[in-house]
DNA sequence: GTCTATAGCTGGATAGAC
DNA sequence: GTCTATCCAGCTATAGAC
């Protein structure tokens, strides 16, 4: 299974192609990626790219997978804290995710929106997304277990609502104020507030309080 | 200022061009709009389009403006209810907005995301967005006045958080499950829950409760 | 107002030499 | 593994006849 020199060099080139493609997308838009332009910037002729990627879609797919792996990787450092303080870990993870998205707006758009006409990620590229969702659900369950969250906060709706909060803050910031620093962005700076709002809504019932039945209910009757 | 027959016919053609462009975008992606294809579908030759729009960007801009006007228009029916029950009006408006976005995914993407490389809306096209934001702020202020919301819910952060909720639900649904009915979508069906969560977080202080200082605060110290 | 014709360009992708 | 050469297609946009 050893990677010999040839293979190493090849992987380096693959990485360089993806990096260059990201540069092109940053300037021309996510949907504006061009194989020819990518090749030119690398000092290559366009046909040579096809030795590494069989099509433009393949490049998008590789970038999608890279982005997904990176967002999952961003959460890794906070897994350890999950057993001590799940809520703290969730907030830290949320802030790290939002910060990553602002630092990598092109990848974030590829992941959170669907800006490229013909492109659908392959199952292989999508797999990290599944793991990320499982990780989030596990974290929310840990918060329930620690008495920081009502059980409804970790069920299907709770998870969906939490991901909507993430997507909402990131989408608004990217669409309206893409180059603001995370701490100052009109939307990204509200990340802790959003997490608070979530935990407040799904606050666990306190036995000594008598209006607790109003909180953390699964789906309030509000039609 | 009368619109004679010639002008009327022209405006009809303009509308037809925009409708056809939307069809093309629905099939080819928002960034996949083609002047030539639009013309062909109308039984025209491509150059004739330039009698109505000087460039592709002009079509995007007209569509952006149309979309903005429509989303504002969707809220119109609920203005009357603002004085009676602001919270009810906000919820109804939110549901109408989400339903509109799902019924017009192409326009919604153009408004909520930035999927088209070179395109930035002109101030003229953007103007309805400003009105929409003012309307939202007025609605939130009405809720404060009616004792349904703490003052912090209508300040700058509250407005930004509310729009993030809207954008989050719509983004997640469009990206992950675009063709689900609003009532059944994993994310869109949580619209009432999201609004509840917002109002719960910014609940007005109740004088007889003694833990009220924990709710509705502007920006909780949670770093 | 609509057309033909066309300029001018860029793109994705392949064949086959080196 | 990289190249030259090339195919073929598509596009935006303009000039100028009808």
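Chains as they are written, first to last, in the numbering used here: chain A, 5 to 227; chain B, 5 to 227.
The beta-carbon is built from N, C-alpha and C at its ideal position, and this holds for glycine as well.
Practice item. For residue 119 of chain A, go through chain B and note every residue whose CB falls closer than 9 Å to its CB, in chain order. Key: 33, 34, 35, 113, 117, 118, 119, 120, listed in chain order.
Check your understanding: What's the call for residue 145 of chain B, buried or exposed, on a 16-neighbour Cβ count within 10 Å?
Key -> With a 10 Å radius around the Cβ and a threshold of 16 neighbouring Cβ atoms, residue 145 of chain B comes out buried.
Review point. Just the Cα atoms here: how many angstroms apart are residue 64 of chain A and residue 180 of chain B?
Key: If you take the alpha carbons of residue 64 of chain A and residue 180 of chain B, they lie about 17 Å apart.
Review point. At least one CB of chain B closer than 9 Å to the CB of residue 145 of chain A: is that the case?
Key: Cβ-Cβ to chain B under 9 Å: no for residue 145 of chain A.
Exercise for review: For residue 151 of chain B, return the contacting residues in chain A, with the cut-off set at a CB-CB distance below 8 Å.
Suggested key: Residues of chain A passing the Cβ test: none, with the nearest at roughly 16 Å.
Check your understanding: Does the beta carbon of residue 190 of chain A fall short of 8 Å from some heavy atom of the ligand NAD?
Key -> Among the ligands in the structure shown, none appear at all, so the ligand NAD cannot be discussed.
Point to revise | CA nearest to the CA of residue 205 of chain B, picked from B:78, B:17, B:152 | key: The option with the nearest alpha carbon to residue 205 of chain B is B:152.
Exercise for review: Any chance you could list the alpha helix (DSSP H) runs of at least 4 consecutive residues sitting entirely within the segment 121-202 of chain B, in chain order?
Suggested key: 127-149, 160-180, all fully within the segment 121-202 of chain B.
Point to revise | For residue 39 of chain B, the three-state DSSP class (helix, strand or coil) | key: Of the three classes helix, strand and coil, the one that applies to residue 39 of chain B here is helix, per DSSP.
**Study point:** Selected residue, minimal CA-CA separation from residue 51 of chain A, among A:61, A:45, A:40
**Key:** Residue A:40 is the option with its Cα nearest to residue 51 of chain A.
Point to revise | Chain-ordered neighbours of residue 173 of chain A on chain B, where CB pairs are closer than 8 Å | key: In chain order: 168, 172.
Check your understanding: Any chance the segment 117-135 of chain A sits against the segment 111-130 of chain B, with 3 or more Cβ pairs inside 8 Å?
Key -> By the C-beta criterion, the segment 117-135 of chain A is judged to be in contact with the segment 111-130 of chain B, since at least 3 inter-stretch pairs fall below 8 Å.
Point to revise | Helix, strand or coil at residue 87 of chain A according to DSSP, with G and I counted as helix | key: The answer is helix: DSSP assigns residue 87 of chain A an H, G or I state.
Check your understanding: From residue 192 of chain A to residue 106 of chain A, what does the alpha carbon distance come to, in whole angstroms?
Key -> Roughly 9 Å between the two C-alpha positions.
Review point. For residue 218 of chain B, which three-state DSSP category applies?
Key: Note that residue 218 of chain B scores 47 on pLDDT, short of 50, meaning its location in the model is unreliable; the coordinates nonetheless yield the value given after this. Note: residue 218 of chain B maps to helix in three-state DSSP.
Exercise for review: Please name the residue, chosen from A:12, A:74, A:103, that lies closest to residue 189 of chain A on a Cα-to-Cα basis.
Suggested key: A:103 is the residue among A:12, A:74, A:103 whose C-alpha sits nearest the C-alpha of residue 189 of chain A.
Exercise for review: Alpha carbon to alpha carbon, how far is residue 197 of chain A from residue 162 of chain B? Give it in angstroms, no decimals.
Suggested key: For residue 162 of chain B and residue 197 of chain A, the distance between alpha carbons rounds to 10 Å.
Exercise for review: Run the CB neighbour count on residue 218 of chain A, radius 10 Å, all protein chains shown included, and call it buried at 16 or more, exposed below.
Suggested key: Bear in mind that the predicted position of residue 218 of chain A carries a pLDDT of just 47, short of 50, making it unreliable; the figure below should be weighed with that in mind. Residue 218 of chain A counts as exposed, since fewer than 16 other beta carbons sit within 10 angstroms of its beta carbon.
Point to revise | residue 98 of chain A burial status per 10 Å Cβ neighbour count (16 or more: buried) | key: Counting other Cβ atoms within 10 Å of its Cβ, residue 98 of chain A reaches 16 or more and is therefore classed as buried.
Point to revise | Same chain, Cβ closer than 8 Å to residue 45 of chain A, five either side skipped, listed in chain order | key: Apart from the 5 residues on each side of it in sequence, residue 45 of chain A sits with its Cβ closer than 8 Å to the Cβ of 24, 27, 28 in its chain, given in chain order.
**Study point:** Min CB distance residue 39 of chain B to chain A below 9 Å
**Key:** Residue-level contact by beta carbon fails for residue 39 of chain B and chain A, as no gap is shorter than 9 Å.
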